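Presented below is the structure to which this report refers.
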Amino acid sequence: MDTGLAPEDGHDTSPIWVSDESSDRPATPPEEAASTTYAPVERASLKALASRFDYHHLLRRALVALAAGVVVGFLLGGWRIGLTAAIVAAIADTMYRARSVSSIPAWRRPSAAERRTEYQLKRLERNGFRTLHARAVPGSDAQIDHLVIGPTGVYAVDSEKWDKRLPVRVQSHRKLFHGPFNQKPRLDEARWEASQASELIGKALGREIHVVPSLAIYGPAIPWRILNVRDVDVFSGSMVRKWITKRERSLTSAEIDSIYRAAERVLPSRYPES
C-alpha cells in the first residue's frame with residue numbers, strides 16, 4: 000500500500016517492547032465436454048478481432064498510421080510520402096507504448112515496499128527458509144504479502160510504504176499512529192490474516208500451526224527495533240531478516256516442507272498465471 004515517498008530505512012538500538020492488549024477478529028467455469036460431432040471452424044472476422052481487448056493496441060496503431068498517411072499524403076501530394084509518414088507514426092506509437100505502458104497489468108505489480116521485502120527474504124533461502132508471496136485469504140479481499148516458513152517458525156509479513164514526512168509513534172504500547180492517523184485497522188487486518196493462515200494450514204495438516212503477524216514499514220524512521228502492538232510485531236522494513244532469523248529454531252526441514260506445501264494449497268496466489 001503505497002502512501003508515501005521514497006523509503007528511508009532507519010535503525011535503532013532501543014530494546015524490544017511488548018504490549019499487553021490483544022483483540023480477536025472475526026471463491027473458470029468447468030470445461031465443456033468434447034463433442035462427438037465437429038462443427039466447421041468459423042473464420043475470425045475483423046470485427047471480432049477488433050472487439051478483443053488484446054488487439055486494441057494494434058487497432059489503435061493501425062488507425063494512427065492510417066490517419067498520418069492520409070493527412071501527410073494529401074497535404075504533400077504523394078502516396079510514397081504518405082506511406083513513409085504512416086510507417087513513422089506506427090513506429091512512434093510503438094515506442095510511446097513501450098515507455099508508458101507496462102506489459103504487466105497494474106493490479107499484478109507488487110508495491111515498492113513488497114519488492115524490497117521480497118529481495119530481503121530471497122536471501123534467506125540459503126538458510127532453509129521458504130516464502131510464498133501475495134497469497135489470498137479465501138472468502139475475502141485480504142492478501143498476505145509474504146508468508147515465510149523456516150527453521151524459526153511461520154511468519155505473515157505485510158509490507159507498508161508510509162509517508163516519510165509523518166512520524167510513527169505508539170501510545171501506551173497499544174495504539175500505533177502514523178502522524179495523526181490511527182493504524183488500528185492495519186494492525187487488526189494483519190493479525191486477522193495471520194490467524195486465518197494459522198487456521199487453514201493447521202486444518203490441512205491436522206495440527207496447530209502458529210503464524211506470527213507483522214508490519215514491515217518503509218519510509219518514516221521507526222524509533223524502536225521491534226515493538227509488539229496488539230499482537231502484531233511492528234518494525235522498520237530493513238529489520239525483516241533479523242526479525243525472522245534471531246529467533247530460536249523450532250521446525251525441522253520436513254516440517255518446513257509440509258507446512259509450505261499445505262500453505263500453497265490453502266492460500267491461493269492472489270494473481271495466478273493464466
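Quick note on numbering: numbering that gives the first Met the number 0 labels position 47 of the sequence shown as 46, and the sequence is numbered without any gaps. Just so it is clear, CB atoms sit at the ideal spot from N, CA and C, and this is done for glycine as well. None of the values given here were measured: they were computed from a predicted structure.
Own chain residues within Cβ distance below 8 angstroms of residue i, not counting five before or after
i	result
LYS121	THR130
THR116	ASP144, HIS145, VAL156, SER158, ALA215, GLY236 and VAL239
ARG246	THR151 and GLY152
VAL211	GLY152, VAL153, TYR154, ALA155, ALA193 and ASP232
GLU198	none
ASN126	GLY149, PRO150 and THR244
Per-residue DSSP class, three states only, for residue i
i	result
GLY152	strand
LEU45	With a pLDDT of only 47 at LEU45, under the threshold of 50, the placement of this residue in the model should not be trusted, and no figure is reported.
ILE255	helix
ARG229	coil
VAL167	strand
LEU266	coil
ILE221	coil
LEU123	coil
GLU207	coil
ASP92	helix
For residue i, the first and last residue of its enclosing alpha helix (DSSP H)
i	result
TYR217	Note, TYR217: premise wrong, no alpha helix (DSSP H); beta strand (DSSP E) at 210-217.
LEU199	183-204
GLU241	First, the residue type needs correcting, since residue 241 is Lys and not Glu in the sequence shown. Where LYS241 is concerned, the enclosing alpha helix (DSSP H) stretches over 239-244.
Proximal residues to residue i (C-beta, below 6 angstroms), its chain only, five neighbours per side dropped
i	result
GLY81	GLY68, VAL71 and GLY72
ALA84	ALA67, GLY68 and VAL71
TRP78	GLY72
Where the beta strand (DSSP E) through residue i begins and ends
i	result
ALA135	129-135
LEU250	Where LEU250 is concerned, there is no enclosing beta strand (DSSP E), given that its DSSP letter is neither H nor E.
HIS177	174-177
Neighbourhood of residue i by C-beta, 7 angstroms cutoff - its chain only, sequence neighbours within 5 removed
i	result
GLN119	VAL239 and ARG240
PRO25	Since pLDDT at PRO25 reaches only 42, below the 50 mark, its modelled position is unreliable, and the value read off the structure follows with that caveat. Within the same chain, PRO25 has no close Cβ partners at all.
ALA88	VAL63, ALA64 and ALA67
ASP92	ARG60 and VAL63
GLN293	As shown, the chain starts at 0 and ends at 273. That puts residue 293 outside it, with no answer to give.
ILE200	ILE208, ILE258, ALA261, ALA262 and VAL265
ARG168	PHE176
Inter-residue CB distance, residue i and residue j (contact presumed, cutoff 8 angstroms)
i	j	result
SER268	ALA133	6 angstroms
ARG224	THR151	Actually they are not in contact, since the Cβ atoms of ARG224 and THR151 sit about 17 angstroms apart, beyond 8 angstroms.
ALA322	GLU192	The question about residue 322 has no answer here: the residues shown for the chain are numbered 0 through 273.
GLY274	PRO166	Here the chain comprises residues numbered 0 to 273, so residue 274 is not present and cannot be evaluated.
Does the segment 196-211 come into contact with the segment 253-263, if we say contact requires no fewer than three beta-carbon pairs (one atom in each stretch) closer than 8 angstroms? yes
Three or more C-beta pairs below 8 angstroms linking the segment 184-201 and the segment 240-249: no
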